[in-house]
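A quick write-up on the structure given underneath.
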């Protein structure tokens, strides 16, 4: 009885052999195809990687061995399916499946290499982006010459960015084979090749006549070939259904001109084409007044042309064209962007500075006795502005499309005018620093700006700006343009003595007042918030002892 039940059980399993074979065949084919696809895609992705730019990349190796049971012959495929089918039946045979072990060749990500021209391995050094807003730069001068050896940390050249002149350092050892952009080269786009370096000294001579334009031009040429037939199709398609019926209708409408008899007579006498005159009468009728207006405008044009001839015959003006510096161009573009996109409004207040001047005199006497630097009125203004920003933090922010960013650091930009243009170095955490420290940093940054040696960290991460034209130039009051992405800038005027009422009737005193104007971004700072900030600023200026607490 037991033997009969086993025979019946095995017979039921054998009925499903064909279905199991079809199922296992599909599963196995899907499994092997997915595995091979994964390996090939990884290999293709690895082979497509390229290295561009100056930053050196370590040689990376990509290798993968596949040991996942991929079959290489129908016999092995059949034996594998047979093994899985037997496993389903509960009696797997003792089979040893041999697997193919395939491995990809090591792919090394090398630097620029031109096998077509027979050049040895080399690096194409591109113009680096040395500031967040830099799109192009100038080469001030090269400190290395062609053929010189380079070591990590050595200065390769000086690059004039949109804000300052920055030293470009070498990143690894090598030799400077070719300088593409020499001293004084201007308007070099970020990423554009400026020099070639090699690892071996004997490879320098091979780059004597090297030009990067040949290798760069190949890419657009290849890309333009497949797009050529598309352009032909686009050009040919609109030409076929060109309507030519509209031209006669236009001619007919132009030939038919409505004019009064006297207008026609005046036009004939003065040889005026009626088609050039737009009628102002009913239904576009040309009347006498239209002819008179046309003749009057014609005489004015003749007079204007005669005056132009007189101006042309006048002696030329004597002038000198001064090329734009990089800082001048970026300042112009950013200020234009600010005035066109930021809704400015202005708040002005007069502050009494008598107590401020007395405190400054006392502090300078103490500084001189200690051998420190003198404190200026501008230093006190920076400190007062920083404390006011800490007291009214809504003014210490910037606008974005999704939110208003409010800063927790109070970093004050100080406008410094130089022969090269306007610089705005930053005093970081001005609310936490003493007056002597602020004075030292302002003088140090101003000197670096005049020497054109500011670095990106000297003017980045700013939150507010102070511009003072009162002390140096005696400007009474002015309105400054906001320096984006900031939301405010304080314009400081000069101090002047005024007559003020005394404590008793008929009694008058003299007091010194300084005018300051706050320019606000209305998207970030509402009018009441700006007035609250000026109130806090005025409190610190008129009671300067509170800044020392």
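In the numbering used here, the protein residues as written are 779 to 1327.
Backbone N, C-alpha and C define an ideal beta-carbon position, used for all residues, glycine too.
Report all residues from its chain with a CB closer than 7 angstroms to the CB of residue 905; omit the five preceding and five following residues, and keep chain order. Exclusion of the five residues before and after residue 905 leaves 915, 966, 967, 968, 969, 970 and 972 as the residues of its chain whose Cβ lies within less than 7 angstroms of its Cβ.
Would you decide whether residue 1306 is buried or exposed? Buried here means 16 or more other CB atoms lie within 10 Å of its CB. exposed
Span of the beta strand (DSSP E) around residue 1114: Residue 1114 -> not in any beta strand (DSSP E); alpha helix (DSSP H) instead, spanning 1104-1119.
Would you mind stating whether residue 1250 and residue 1223 have Cβ atoms separated by less than 8 angstroms? no
Skipping 5 residues on each side, what residues in its chain have a beta carbon closer than 7 angstroms to that of residue 1168? 1188 and 1209
Rounded Cβ spacing between residue 1212 and residue 1106 (contact assumed at less than 8 angstroms): No, residue 1212 and residue 1106 are not in contact; Cβ-Cβ is about 35 angstroms, not under 8 angstroms.
Chain-order list of residues whose beta-carbon lies under 6 angstroms from that of residue 1263 (same chain, five-residue window excluded): The residues are 1176.
Kindly identify the DSSP beta-bridge partner or partners of residue 963. Residue 963 pairs with nothing; no bridge assigned.
From the DSSP secondary-structure annotation, give me the bridge partner or partners of residue 1322. For residue 1322, which the question treats as bridged, DSSP gives no partner whatsoever.
Output yes or no for whether 8 angstroms exceeds the beta carbon distance between residue 1259 and residue 1293. No, Cβ-Cβ distance for residue 1259 and residue 1293 is not below 8 angstroms.
Take the Cβ of residue 1327 as the centre, count every other Cβ of all protein chains shown within 10 Å, and call the residue buried at 16 or more, exposed below. exposed
Range covered by the alpha helix (DSSP H) that runs through residue 1284: Element bounds for residue 1284: n/a, residue is neither H nor E.
For residue 1166, count neighbouring Cβ atoms within 10 angstroms of its own Cβ and tell me buried if that reaches 16, exposed if not. buried
What are the boundary residues of the beta strand (DSSP E) that residue 916 is part of? 914-920
Segment contact, 8 angstroms Cβ cut-off, at least three pairs: the region 1139-1149 with the region 1226-1246: no
Give me, in chain order, the residues of the same chain whose beta-carbon lies closer than 8 angstroms to that of residue 1267; leave out the 5 immediate sequence neighbours on both sides. 1242, 1243, 1244, 1245, 1258, 1259, 1260, 1261, 1296 and 1297
Could you give the uninterrupted runs of the beta strand (DSSP E) lying entirely in the region 1122-1203, keeping only those of 3 residues or more? 1122-1130, 1175-1177, 1182-1184 and 1190-1192
Whose C-alpha, out of 919, 897, 1320 and 1325, is nearest the C-alpha of residue 1127? 1320
What is the DSSP secondary structure of residue 1304, counted as helix, strand or coil? coil
Residues that DSSP places opposite residue 927 in a beta bridge: DSSP, once it has assigned bridges, lists 953 as partnering residue 927.
Pop quiz: residue 937 and residue 917 are said to be a contact at Cβ under 8 angstroms. What is the actual Cβ separation, rounded to whole angstroms? About 6 angstroms separates the beta carbons of residue 937 and residue 917, which is inside the 8 angstroms limit, making them a contact pair.
Which one or two residues does DSSP pair with residue 1295 in a beta bridge? 1126 and 1269
Below 7 angstroms, is the gap between the Cβ of residue 1040 and the nearest heavy atom of the ligand NAD? Within the structure as shown, the ligand NAD is missing, as the structure has no ligands at all.
Between residue 1158 and residue 1143, what straight-line distance do the alpha-carbon atoms span, to the nearest angstrom? 16 angstroms
Among residues of its own chain, excluding the 5 on either side of residue 1239, which ones have a beta-carbon nearer than 8 angstroms to its beta-carbon? Around residue 1239: 1187, 1189, 1204 and 1206.
Assigned exposure category for residue 941 - 16 Cβ within 10 Å defines buried: buried
Under 6 angstroms Cβ to Cβ from residue 1122, same chain only, skipping five residues before and after it: list those, please. The residues are 1297.
With DSSP run on the structure shown, which of helix, strand or coil describes residue 1255? coil
Just the C-alpha distance for residue 1061 and residue 1103, rounded to the nearest angstrom, thanks. In this structure, the straight-line span from the alpha carbon of residue 1061 to that of residue 1103 is close to 59 angstroms.
With the cut-off set at 8 angstroms, would you say residue 1151 and residue 1219 are in Cβ contact? no
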